Structures are given as C-alpha cells and as structure tokens.
Amino acid sequence: MARSQLLLALLCLAASLGAQAAGSGGRKMVGVYELRMGDFSVKVTNWGARLMSLVLPDSKGNLADVVLGKDTIAEYVNDTSYFGPITGRVGQRISRGRFVLDGKVYHLERNDGRNTLHGGGRGFHKVIWTVEEYMPDGDSPYITFYYRSFDGEQGFPGNLDVYVTYRLSAPYTLGVHMNATALDRATPVNLLLHTYWNLGGHGSGDVLGHTLGLFASRYTVLDVDLLPSSGRVAPVAGTPFDFRAPTAIGSRIRQVTGGKVVGYDANYVIDGEQERMRPVAQVQDGASGRAVELWANQATVQLYTGNWLNNTKGKDGKVYNQYAGFTLETMGYVDAVNHPEFPSQTLLAGQEYKHDMVLKFSF
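Reading the sequence shown from the start, the letters are residues -21 to -1, 1 to 342 in mature numbering (1 follows the signal peptide of the UniProt record, and there is no 0).
Next up, the structure:
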C-alpha cells in the first residue's frame, strides 16, 4: 500500500473510531483475536466482526490459511471486496435503495449503482464492534462481538442489538452464530458472513477445480443487477446452476454471468425447512485433500466465485486474481423487503433474528 493510501486508511479508521466513541460514551479499540484448538485456529477482528484467517492441516499435515484477506486492519478500512466481514443490516442488495414499511418509504444509501449493497457504504462491515466475551482456548474457544445499530443508521428504522459469536469445536469445526433483536421499531434484518475460501490455501491459485455440491434444487433468478426483479424461483435442473451432484466449480462457469462478468454470483434456495439446521454445501479440494461441509438454518445461500478480483493485494504478499476464492453466504431471500412473495426478513419490535452456520472441515 502506498504511503498516501495508508495515511488515508488510518485517517478513515481514526474518524470512525471518533464518531463511534462520541455515540457510545467511550473509545472502542480495534484488535485482532485468535481462537485455537491445537493445529486448528482462526483470527477475527472487531472491525466489521470479520473472519481474517482459518488455519488447518491438509492430508499430509501441512498447515495453510484457507481464508482470503488482508495483512492489517488499516488495509481492511479501504477494502471494497468484502473480505470476511458480517454485512448488514441487510446483506446483498436492496433494489433502488428503498423499501416501504408500515406505509412509510425508507431511503437508504445507494452504494452499488442505483442499489444498496450489504447495508450501505458504512454498514456493519465498516463499524467497530464491542468484544463482549472472549475465551481464546480450551475445549470450545469462542468470541462474541456486540453492536448497537442506531435508529436511522444508513437509513434503516429502529434501534437494533446485534451479537455475533465465532466458536471452535472438535474436530475442526467452526460455528458462526448471529443474533439480532429489534428494540423499538420494525426493521428488515438479513445478516451474512462474506468470507472467501480457498481450501488449497489463500493465494494458491483459483478454485475452479474445487468440487462443489449444493443441497439446492431451485435458485432465485437474478437480473443483471443481481436482484430478483422477476420474483421467480426456478429449478436448477438442466442449467449451469445445478450442483446437486458434486461438480467442479469451473466445469460450466463460462456459461453463467454474475452480474456483468463471467462467473457465479447466484442465489440458491436451500432444500428443507428454513428455520432448521440442515446441510447446505460440500466442497472439496482434491490437491490438498481439504474439504468443508456447511450447515445452516437460513432460506438461501449466495455462491460467489470472486469474479471481480483482479490483481488484488492479499495477505503474505499474495495477489488474488479472478476466481481466487469462493463464498457461500447463507441468508434470507435477496431483497425480500421489496418482494412480498418471498418469506419476510422484517423483524417486529421485540422480535429476535437467529442465523446459525456450522462449517465442518476435514482433510
């Protein structure tokens, strides 16, 4: 990072710290926190409640970090690729940056052309969370972050209490648990974890050879702006979106466009009952032998193949190019607040939102 860019990043971080300190009655410190169980470890930060790394062995016992990211917090400040944060209040896109709730029109910041992406330019990925609890080691290491989202933040109504817990358990399992409570007004909530994975190790090349299986027989049809403008949900059978049988990610990638670029940026409806924990995906890297099985209790999952990565500076001197990682973002339906035909993502005052993910790694 050039000196001018680094200075700008630090100034942005300082400004954010100052703004939040003024609202909270005290200064919050940004830190990096490690959870460890033997040769299995993760690092997280309270800047965006972000997953920064996950290290585990391969089939030969070699350790590698399988999460794409940055070296320093200052570099995350200006990150536009969404490396590893919790995004909200509403992840993914809201059409035209507006919605109607209880007869009132709400206008949000448009940070993705004419639409709102991941809660706005200063959504949950760009704020400092409070470290509520931290147990770095032991039988079940965990950390819990807390954030109070204020009424009107990025245009959303009502005060919202949000908690995110990262927890390790044996063998090689990471749990991510997101909870939110609408304190005084109805508001849409749809959180997601935006982690890029490469099971061969971050910076090891592309993920086109990874084998992906999705427990999804339908997908949400998205338009060129990656919004479900038609409201249609279609079968994956006979399309390049069909991963019901484990298939290499790159086998049909040239047949799809994620927005305006070749690659997957697709939303799948997970088979089974929405609020129950159930299998979402299985991914395996044949070269390293590493695999991951994802379970969650959400309605959909967004598959993104890093289509816009282009000579992007990553950790440890690595450079990430197109398809260097994939995301599996479990969540509710995209733009549900503007589609009454989709299950609602609106919390009433006093209601609680619960989003649980479990990632089971093997090698």
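The beta-carbon is built from N, C-alpha and C at its ideal position, and this holds for glycine as well.
What you are looking at is a predicted structure, and each value in this text was computed from that prediction instead of being measured.
Check, Outcome
"Compare the Cα-Cα distances from V143 to each of H104, D163, Y175 and D91 and report the closest residue.", "H104"
"Between the C-alpha atoms of Y243 and E13, what's the straight-line distance to the nearest angstrom?", "32 Å"
"Is the Cβ-Cβ distance between G63 and M31 less than 8 Å?", "yes"
"Could you give the first and the last residue of the continuous alpha helix (DSSP H) run that contains Y55?", "I52 to V56"
"Provide the residue(s) that pair with I107 in DSSP beta bridges, ordered along the chain.", "W26"
"Is the beta carbon of S196 closer than 8 Å to that of P225?", "no"
"Please go through the same chain and pick out, in chain order, the residues whose beta-carbon is closer than 7 Å to the beta-carbon of V23, but skip the five residues on each side of it.", "Y12, R29, L30, M31, I122 and Y145"
"If we count the other Cβ atoms within 10 Å of its Cβ and call it buried at 16 or more, is N290 buried or exposed?", "exposed"
"Going by beta-carbon coordinates alone, are V248 and V298 separated by less than 8 Å?", "no"
"According to the Cβ coordinates, are G304 and V155 closer than 8 Å?", "no"
"With a cut-off of 8 Å, do at least 3 Cβ pairs link the stretch 174 to 188 to the stretch 303 to 317?", "yes"
"On the DSSP letters alone, give me the boundaries of the beta strand (DSSP E) that R257 sits inside.", "R257 to Q263"
"For N158 and M336, I'd like the C-alpha separation in whole angstroms.", "12 Å"
"For the stretch 199 to 276, list the beta strand (DSSP E) runs that are entirely contained and at least 3 residues long, ordered along the chain.", "212 to 214, 244 to 248, 257 to 263 and 270 to 275"
"Are the stretch 158 to 167 and the stretch 268 to 280 in contact at 8 Å, needing three or more beta carbon pairs?", "no"
"Can you list, in chain order, the stretches of the beta strand (DSSP E) that have 3 or more residues and sit fully within the stretch 117 to 192?", "121 to 128, 139 to 148 and 152 to 161"
"Around the Cβ of N41, are there at least 16 other Cβ atoms within 10 angstroms (buried) or fewer (exposed)?", "exposed"
"In the DSSP output, what is H318 paired with across the bridge?", "Per DSSP, none; premise fails for H318."
"Span of the beta strand (DSSP E) holding A43?", "L42 to D44"
"Under the three-state reduction of DSSP, which class applies to A1: helix, strand or coil?", "With a pLDDT of 34 at A1, under the threshold of 50, the predicted position of this residue should be treated as unreliable, though the coordinate-derived value follows. Looking at A1 - three-state DSSP - the assignment turns out to be helix."
"Indicate the three-state DSSP secondary structure (helix, strand or coil) for R93 in the structure shown.", "coil"
"Quick check: the Cα distance between T190 and G265, rounded to an integer number of angstroms?", "8 Å"
"Just reading off the beta strand (DSSP E) that R77 is part of, what are its end residues?", "R77 to L80"
"Are the stretch 164 to 183 and the stretch 222 to 237 touching by the rule of at least three beta carbon pairs closer than 8 Å?", "no"
"Would you kindly work out how many angstroms separate the C-alpha atoms of F78 and L171, rounded to a whole number?", "20 Å"
"Please name the residue in V141, F135, S119 and L96 whose C-alpha comes closest to that of W108.", "V141"
"Short of 6 Å in beta carbon distance, which residues of its chain neighbour S148, apart from the five on each side in sequence? Order them along the chain.", "S119"
"Find the nearest neighbour of E320 within the set Y126, S209 and D204, judged by alpha-carbon distance.", "S209"
"Can you tell me the Cα-Cα spacing of S74 and D250, whole angstroms?", "26 Å"
"What residues in its chain sit with their C-beta under 8 Å from that of A328, if we drop five residues either side in the sequence?", "G137, A161, L162, D163, R164 and A165"
"Residues in its own chain within less than 6 Å of F124 by CB, not counting five upstream and five downstream?", "N25, A28, W108 and V143"
"Are the beta-carbon atoms belonging to V69 and V168 less than 8 Å from one another?", "yes"
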